[in-house]
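A.B. asks: Before anything else, here's the structure in question.
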Amino acid sequence: MDIIVATIINGILMGGVYGLTAMGLTLIFGVMKVINFAHGSFLMAAMFVTYYLFRITGIDPYAGLVIIVPLLFALGYFTQHVLIRPVFKIERDVREPISVLMLTAGLWIFMDAFALALFGAFYKTIRTPYKGTVLHLGDVIISLPRLYAFLTTVILAILFYLFLKKTRLGKAIRATGQDRDAARLMGINIDRIYNVAFGIGIAIVGVAGAVLMPFYYVHPVVGVVFDIRAFIIVVLGGLGSIPGALLGGVIIGVVESLVAQFITATWTEGIIYAIFISVLFLRPEGLFGFKAEW
Amino acid sequence: MEKERTHAKTWEIDRIAWVTLVSIVILLVFPLFIRSPAFLQFMILILWYAYLTTSWNLVGGFAGVLPLGHATFAGIGAYTSSVLFVHYGLTPWVGMFAGALLAAIVGVILGAPTFRLRGAYFALATIAICESLRVVLENIQKFPFLGFDINGARGILLPLRGHSPINYQFLDKRYFYYIILVMLAIIFYITYRIARSKLGYYLVAGGEEKEAAEALGINVAKCKLIAMAISTFFTALGGTFYMQLVHYIYPRGIVSLDLSFEIAFIAIIGGRGTLLGPIVGAILLVPAAELTRTYLGGSYEGVHLMLYGAVLMAVMVFKPRGLMEPLEAFYRWVSGKFFPQPLLQTEKGS
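So the protein sequences, as listed, match chains Y and H. For the first sequence, the positions run 1 to 294 when our numbering is used. For the second sequence, the positions run 1001 to 1350 when our numbering is used.
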């Protein structure tokens, strides 16, 4: 019984991080109607930044957020501005431009292979003081780094939600997502909103990368694991929905940890794909029917 | 005037026919003078990628969707023919058609629900299908009910029979060269015919404006499924070819996202939806990728993909329709320089 509870709690905590990566993806999709295939690669980049920050200067991943978040925001902002914007311009009338899809797929492959050439294929971990520390709740053991990561996720999700609902910029972002032509007519600078939205999406993934490092490992293709989960989560939760992303993340996390505990770890991927494909075919609008906030 | 114009036209067609004839002769003859198996292998790989990409192009190019999991079908082909050969002694010459049929059936079954999905969803579904087949293959040691083993992640090793044409095994690489050349010619001819048939026009129409095409009475879904069946059928034959060439497959080696992306990227870079685009893409990219693989990727699998990613991004930013467009313009410019007479007449005539 305790094992089941512990497994589920573990799954929920890990699922929070999955939800965080998915949140960035869902924001970018909601606003630009583009699936950012390179999302996991940005996560990988954030993890490497966190790793080297810790190894070279000894800055803790959580303190390092001060550096990582602006850095990743800038990376996202300029990726959109330099690479995606010109391609977007050509297909402005198309609702979901396929060439942007191909561009981000190219970026994904490029970043992963580049990291492989740069850092090698080894798994890298860091040893923070709280690594391996646990919290005892009766007989249930909870890993503290995972708990911290989950709490960060929840706080960030609330902040992000408030940002979108209350601030002027947030409203402009949502308006652009709802109808880009109407938004333009209202005097919103669409190109800038796209840059900012992409930047924020990548910054969120940067937070995910930083809070993952204390209990996870980084290697050049670590992004693929999270990428594919993030795709699945946004489809589960309904593309463009933030609560959906979090809830979808938790579901995937729990399923994954239950399967790993009670069947075998090698089948986890297969079962997650099976869920994904069945949701795509049976309920492409998402499991819970959350309306996208755009 | 009319006569001059037809004259110019036949002259132009004559020239294209000559260029084609000369390149075919070169392609046919040159292996006779090549002694280096490494170089032949290199040529075979270029042709193999051109073949797979041309097959992909039927769906990814003409039907206007973005399949990112075509390695699935290469894997089905390779595994089916190998299992039939290893366990039932059936020659891969027959087994490859069994694999191809199976792939076509799977392709249609998977295509029916996926083609309803829009852009990104479709691409994601194909990725998921490819990855799940890999996971299944990696986790199955012994196939249920039929009782033959596929060894999970370790893969299948082909029992060697030496030089045995009946078993699709050759010691000399040149046989493989000619086989893949013929296969490429066949798929190229099929694509050529489809592009000029009703089906081809229906596909392009359905890919660009689905609703409009349906309003005109075109059964878009059916056209896409036919394209999918042909595409997957030939992709599977390519899978068997690869197996016979290297004698060994394991799930990650063939049913991989890497191969799926390579196939799609080559076509997109060359020019999806064009006849020659995939072949041009393969000629430009595969040698460069092989060189990167040799000199940079000695220890790591996948470094050569850096090049694919970078070139793809550059092409998307500068020439979103692929490299065929500038190449065609260049060809016209060159032929205008060297053979100005007939071209000028064509312009005057029209």
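The C-beta atom is built at its ideal place from N, Cα and C for all residues, glycine as well.
Quick check: is the beta carbon of A1289(H) nearer than 8 Å to any beta carbon in chain Y?
C.D. replies: In the second sequence, counting from the first residue as 1, residue 1289(H) sits at position 289. Not an interface residue.
A.B. asks: Since E269(Y) meets chain A, which of its residues come closer than 8 Å, beta carbon to beta carbon?
C.D. replies: No chain A appears in the structure shown, which is made up of the protein chains Y and H.
A.B. asks: How many Å lie between I1016(H) and S1335(H) at the Cα?
C.D. replies: Position 16 of the second sequence, counted from the first residue, corresponds to residue 1016(H). Position 335 of the second sequence, counted from the first residue, corresponds to residue 1335(H). Taking the straight line from one Cα to the other gives about 11 Å.
A.B. asks: Using a Cβ-Cβ cut-off of 7 Å (strictly less than) and excluding sequence neighbours within five positions of A951(H), which residues of its own chain qualify?
C.D. replies: One cannot answer for residue 951(H) here, as it falls past the ends of chain H, which runs 1001 to 1350.
A.B. asks: With the cut-off set at 8 Å, would you say A149(Y) and F48(Y) are in Cβ contact?
C.D. replies: To locate residue 149(Y), count along the first sequence from 1; it is residue 149. To locate residue 48(Y), count along the first sequence from 1; it is residue 48. No. Outside cutoff.
A.B. asks: Taking CB distances under 8 Å as the criterion, tell me whether Y310(Y) reaches chain H.
C.D. replies: Any answer about residue 310(Y) is impossible in this case: the structure gives chain Y only from 1 up to 294.
A.B. asks: On the criterion of 16 or more Cβ atoms from any shown chain inside 10 Å, does I141(Y) qualify as buried, or is it exposed?
C.D. replies: The residue you call residue 141(Y) lines up with position 141 of the first sequence. The residue is exposed, with fewer than 16 neighbouring Cβ atoms inside 10 Å.
A.B. asks: In chain order, which continuous runs of the alpha helix (DSSP H) of length 4 or greater are located wholly inside the segment 1032-1058 of chain H?
C.D. replies: Segments of the alpha helix (DSSP H) lying fully in the segment 1032-1058 of chain H: 1037-1057.
A.B. asks: Looking only at its own chain, which residues have a Cβ that is under 7 Å from the Cβ of F276(Y), when we skip the five neighbours before and after it?
C.D. replies: Taking the first residue of the first sequence as position 1, residue 276(Y) is located at position 276. Once the five neighbours on either side are set aside, the close Cβ partners of F276(Y) are I232 and V235.
A.B. asks: Checking 8 Å against the spacing of the C-beta atoms, do H1247(H) and F1148(H) come in under that value?
C.D. replies: Indexing the second sequence from 1 puts residue 1247(H) at position 247. Indexing the second sequence from 1 puts residue 1148(H) at position 148. Contact flag unset, no.
A.B. asks: CA-CA distance, I1263(H) and G1064(H)?
C.D. replies: Start at 1 with the first residue of the second sequence, and residue 1263(H) comes out as number 263. Start at 1 with the first residue of the second sequence, and residue 1064(H) comes out as number 64. When rounded, the distance between both Cα atoms is 16 Å.
A.B. asks: Counting only beta-carbon separations shorter than 8 Å, does V1334(H) have a partner in chain Y?
C.D. replies: For this step, residue 1334(H) is matched to residue 334 along the second sequence. So no, V1334(H) is outside the interface.
A.B. asks: With three or more beta-carbon pairs closer than 8 Å as the criterion, would you say the segment 54-71 of chain Y touches the segment 23-41 of chain Y?
C.D. replies: Contact between the segment 54-71 of chain Y and the segment 23-41 of chain Y is absent, because fewer than three Cβ pairs lie under 8 Å.
A.B. asks: What's the call for E1347(H), buried or exposed, on a 16-neighbour Cβ count within 10 Å?
C.D. replies: The sequence position of residue 1347(H) within the second sequence is 347, counting from 1. In this prediction, E1347(H) has a pLDDT of 44, which is less than 50 and means its spatial position is unreliable; nothing more can be read from the coordinates.
A.B. asks: At a CB distance below 7 Å, what residues from the segment 1091-1123 of chain H approach chain Y? Give them in sequence order.
C.D. replies: Per Cβ criterion, the list reads P1113, L1117, R1118, G1119, A1120, Y1121 and A1123.
A.B. asks: State the Cα-Cα distance for the pair L101(Y) and A1120(H), rounded to the nearest angstrom.
C.D. replies: For the purposes of this step, residue 101(Y) is taken as residue 101 along the first sequence, with counting starting at 1. For the purposes of this step, residue 1120(H) is taken as residue 120 along the second sequence, with counting starting at 1. So the alpha carbons of these two residues sit roughly 7 Å apart.
A.B. asks: Given that T266(Y) touches chain H, what residues does it touch there, using C-beta distances under 8 Å?
C.D. replies: The residue labelled residue 266(Y) in the question sits at position 266 within the first sequence. Residues of chain H passing the Cβ test: V1135, E1138 and N1139.
A.B. asks: State the Cα-Cα distance for the pair T21(Y) and N1167(H), rounded to the nearest angstrom.
C.D. replies: Taking the first sequence and counting its residues from 1, the one referred to as residue 21(Y) is at position 21. Taking the second sequence and counting its residues from 1, the one referred to as residue 1167(H) is at position 167. Whole-angstrom Cα-Cα distance: 50 Å.
A.B. asks: Going by CA-CA distance only, name the one from A172(Y), A117(Y), V205(Y) and L212(Y) that's closest to S143(Y).
C.D. replies: Residue mapping note: residue 143(Y) aligns to position 143 of the first sequence, counting from 1. Comparing Cα-Cα distances from S143(Y) to each of A172(Y), A117(Y), V205(Y) and L212(Y), the minimum goes to L212(Y).
A.B. asks: Can you grab the Cα-Cα spacing for the pair I158(Y) / D2(Y), in whole Å?
C.D. replies: As a position in the first sequence, residue 158(Y) is number 158, starting the count at 1. As a position in the first sequence, residue 2(Y) is number 2, starting the count at 1. Taking the straight line from one Cα to the other gives about 31 Å.
A.B. asks: Roughly how many whole angstroms lie between the Cα atoms of G1238(H) and L1101(H)?
C.D. replies: Position 238 of the second sequence, counting from 1, holds the residue named residue 1238(H). Position 101 of the second sequence, counting from 1, holds the residue named residue 1101(H). Taking the straight line from one Cα to the other gives about 13 Å.
A.B. asks: Locate the alpha helix (DSSP H) running through H1087(H), then write down its first and last residues.
C.D. replies: On the second sequence, residue 1087(H) is found 87 positions in, with the first residue counted as 1. That run of the alpha helix (DSSP H) goes A1071 to Y1088.
A.B. asks: Between V1303(H) and chain Y, is any beta-carbon pair separated by less than 8 Å?
C.D. replies: As a first step, residue 1303(H) is located in the second sequence; it is residue number 303 there, counting from the start. So yes, V1303(H) belongs to the interface.
A.B. asks: Is there a C-beta anywhere in chain Y that falls below 8 Å from the one on L1344(H)?
C.D. replies: Taking the first residue of the second sequence as 1, we reach residue 1344(H) at position 344. Summary for L1344(H): the model assigns pLDDT 44, below 50, so the residue's position carries little reliability; its value from the coordinates is reported in the next sentence. Chain Y contact via Cβ: absent.
A.B. asks: Sorted by chain position, which residues of the same chain lie with C-beta nearer than 7 Å to L1110(H)'s C-beta, five sequence neighbours on each side aside?
C.D. replies: By one-based count along the second sequence, residue 1110(H) stands at place 110. These residues qualify, in order along the chain: I1129.
A.B. asks: Taking Cβ to Cβ, would you say G1352(H) is nearer than 8 Å to F1073(H)?
C.D. replies: Nothing about residue 1352(H) can be read from this structure; chain H reaches only from 1001 to 1350.
A.B. asks: For T128(Y), tell me which candidate among Y217(Y), M14(Y), V196(Y) and A6(Y) has the shortest Cα-Cα distance.
C.D. replies: For this step, residue 128(Y) is matched to residue 128 along the first sequence. Among Y217(Y), M14(Y), V196(Y) and A6(Y), the Cα nearest to that of T128(Y) belongs to Y217(Y).
A.B. asks: Under 7 Å between beta-carbons, which chain H residues line up against V87(Y)? List them in chain order, please.
C.D. replies: Mapped onto the first sequence, residue 87(Y) falls at position 87. Under the 7 Å cutoff, chain H gives M1316, V1317 and P1320.
A.B. asks: Measure from the alpha carbon of L169(Y) to the alpha carbon of each residue in K89(Y), V196(Y), A203(Y) and I126(Y), then state which is nearest.
C.D. replies: Counted from its first residue, the first sequence places residue 169(Y) at position 169. Considering only alpha carbons, the answer is V196(Y).
A.B. asks: Just curious, the alpha helix (DSSP H) that H219(Y) is in, first and last residue?
C.D. replies: As a working note, residue 219(Y) is residue 219 in the first sequence. Segment: none, H219(Y) is in no alpha helix (DSSP H) and carries neither H nor E.
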